[in-house]
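What follows is a single structure, written as C-alpha cells, with notes after it.
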Amino acid sequence: MKRIVSIQDISCIGKCSQTIALPVLSAMGIETSIIPTAILSAHTMFPDFTFRDLSEDIPQIKKHWLSQGVTFDGILTGYLGSVRQIEMISEIYRDFGADDTVIVLDPVFADKGRIYPGFDMEYAGAIAGLCSQADYIVPNITEAAYIAGVPYRDVCDMDYIENIFDILTQKGVKNTIITSVHIGDENGIVCRLSDNRRFSVFRKNIDAPFHGTGDLFASTFTGALLNNFSTKVAAELAVDYVNETLTATLKNNKHNWYGVDFETTLPYLIDRLR
Ligand code: PXL
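Residues in the sequence shown are numbered from 19 upward in steps of one, following our numbering.
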C-alpha cells in the first residue's frame, strides 16, 4: 500500500484540511499519516475560533520518523499555521522527498480575492519559495495571483492566466494547477505542466460558496496520482468529485453552511477508481 503524509491543520469542526484529507485518501486506498500544523476549534469562517500553533512539534515528529526509517510515496501540504512553518516544511521535503515521492502543495491562504484571517502579504511571499520545491502546486486563482504578484481579477481570461503561469515558471514552479477559475458560466481548473503541456477541465458553474472544496480537490487529485492516474485524468477525477459533492450537498436541504457532504459521495469516488 502506498503511504502519504498530509501536512495541514486540524479544524475540529468545519470539514476541511485534515478532516477531508484523511477520509478521502484512506478511501482511495492510501495509508495516510498526518502532521497537524495547528489545531483550531473550527475553521476560520467561524467567529471566535481558537487557534493553537503546533510548530514546536514538527521538528520532533520529523526527527522521530527519520530515526524509524519512515518513507513516503506522497506528501500533501495544505494550510500552514505560520511563516515559520514554511521553513520546517521545506526541510521535510528535503528529508522525505525521495526521487519517486510526489509532492503536492496547496498554498492555502486566500480565496475570492481575500486573504484568510491570520495570513498576510509576507506569508504570500514566503510560500512562493516552497512552491518551487513541490512537484505540483494547486492554488486557487486568488492564491495564484498573490503568489505571482498580479492584481486579482474576479473575471479572468486565458491571457491573464498564461501571464500568471509565466511568472510562476520564472519563480521555479514545476507543474501548476489553478483552481476556481470562472470563465463565462463555467468553473474549473487550468493546468500548465513543466514540459509546457497545458490542459483545462471546465464544468457548468455550481454557485455554492462552500469551504473545503479546495482541500477536497487537492486530496482527490493527490490520491489519484498515487493510484497511478496521469495528471490530466487525476485532475478530471478531482473536478468531477468536487462537482458531484457540491450537487449532493445542495440536494440535502439540511446541509451545513460550513462544509460539503463529501461523506455521501465517497462511494462515487471509489467507483471511479475501479
Ligand atoms: O479550506 C482551507 C482551510 C483550511 N484550514 C483552515 C481554514 C481554511 C479556509 O478558510 O480556515 C483552518
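Don't be surprised by glycine CBs; every beta carbon is placed ideally from N, CA and C.
Whose C-alpha, out of THR249, CYS149, LYS222 and ASN193, is nearest the C-alpha of VAL260? VAL260 has its Cα closest to that of LYS222, out of THR249, CYS149, LYS222 and ASN193.
Of the residues ARG215, ARG210, TYR178 and ILE182, which one's Cα is nearest the Cα of ILE201? For ILE201, the nearest C-alpha among the options comes from TYR178.
DSSP state of PHE64 mapped onto helix, strand, coil: In the structure shown, PHE64 sits in coil (DSSP, three-state: anything other than H, G, I, E or B).
Taking the CB atoms as reference points, tell me whether TYR170 and GLY232 lie closer together than 9 Å. In this structure, GLY232 does not lie closer than 9 Å to TYR170 by Cβ.
Classify TYR141 as helix, strand or coil using the three-state DSSP reduction. When DSSP states are grouped into helix, strand and coil, TYR141 belongs to the helix group.
THR265 Cβ short of 8 Å to the ligand PXL heavy atom set: Within 8 Å of the C-beta of THR265 there is not a single heavy atom belonging to the ligand PXL.
Under 8 Å: does the beta carbon of TYR259 sit that close to some heavy atom of the ligand PXL? Result no, Cβ not under 8 Å from the ligand PXL.
Per DSSP, what kind of secondary structure is VAL257 in: helix, strand or coil? Three-state result, VAL257: helix.
Run of the beta strand (DSSP E) containing HIS200, from where it starts to where it stops: Counting along the chain, HIS200 sits inside the beta strand (DSSP E) bounded by residues 193 to 201.
What number of angstroms, rounded off, separates the C-alpha of ALA163 from the C-alpha of ILE182? Separation of ALA163 and ILE182 (C-alpha to C-alpha, rounded to the nearest whole angstrom) is 7 Å.
Could you tell me whether the region 137 to 156 touches the region 100 to 120, using the rule of 3 or more Cβ pairs below 8 Å? They touch, by the three-pair rule.
Which residue marks the beginning of the alpha helix (DSSP H) containing LYS81, and which one marks its end? Run containing LYS81: 75 to 85, per the alpha helix (DSSP H) assignment.
For ALA116, which of helix, strand or coil comes out of DSSP? Looking at ALA116 - three-state DSSP - the assignment turns out to be coil, as it is neither helix nor strand.
I want to know whether the region 37 to 54 touches the region 278 to 292 - three or more CB-CB distances under 8 Å. By the C-beta criterion, the region 37 to 54 is judged to be in contact with the region 278 to 292, since at least 3 inter-stretch pairs fall below 8 Å.
Pick out whichever of ALA256, HIS229, THR240 and ALA236 has its Cα sitting closest to the Cα of ILE31. Proximity to ILE31 across ALA256, HIS229, THR240 and ALA236 peaks at HIS229, based on C-alpha coordinates.
From the DSSP output, in three-state form, read off ILE31 for me. Of the three classes helix, strand and coil, the one that applies to ILE31 here is coil, per DSSP.
Ends of the beta strand (DSSP E) at SER237? Looking at the DSSP string, SER237 is not in any beta strand (DSSP E); the run it does join, the alpha helix (DSSP H), is 231 to 244.
Straight-line gap, ARG216 to LEU58 (C-alpha atoms, nearest Å): Between the alpha carbons of ARG216 and LEU58 lies a gap of roughly 37 Å.
Between the alpha carbons of GLU204 and ASP175, how many angstroms are there, rounded? About 12 Å.
Just to confirm my understanding: we take ALA56, look at its own chain, exclude 5 residues before and 5 after, and list those with CB closer than 7 Å. What are they? Closer than 7 Å at Cβ, skipping near neighbours: ASP27, PHE69, ARG70, ASP71, LEU72 and GLY99.
For PHE127 versus TYR276, is the C-beta spacing smaller than 9 Å? No, the pair does not count as a contact, with Cβ atoms beyond the cut-off.
For the ligand PXL, any of its heavy atoms closer than 8 Å to the Cβ of TYR134? For TYR134, the Cβ falls inside the 8 Å cut-off from some heavy atom of the ligand PXL.
On a CA-only basis, which of GLY241, GLU49, LYS81 and GLU180 is nearest LEU291? Give me that one, please. The option with the nearest alpha carbon to LEU291 is GLY241.
N-terminal and C-terminal residue of the alpha helix (DSSP H) that PRO285 is part of: 280 to 291 is the span of the alpha helix (DSSP H), which, as asked, contains PRO285.
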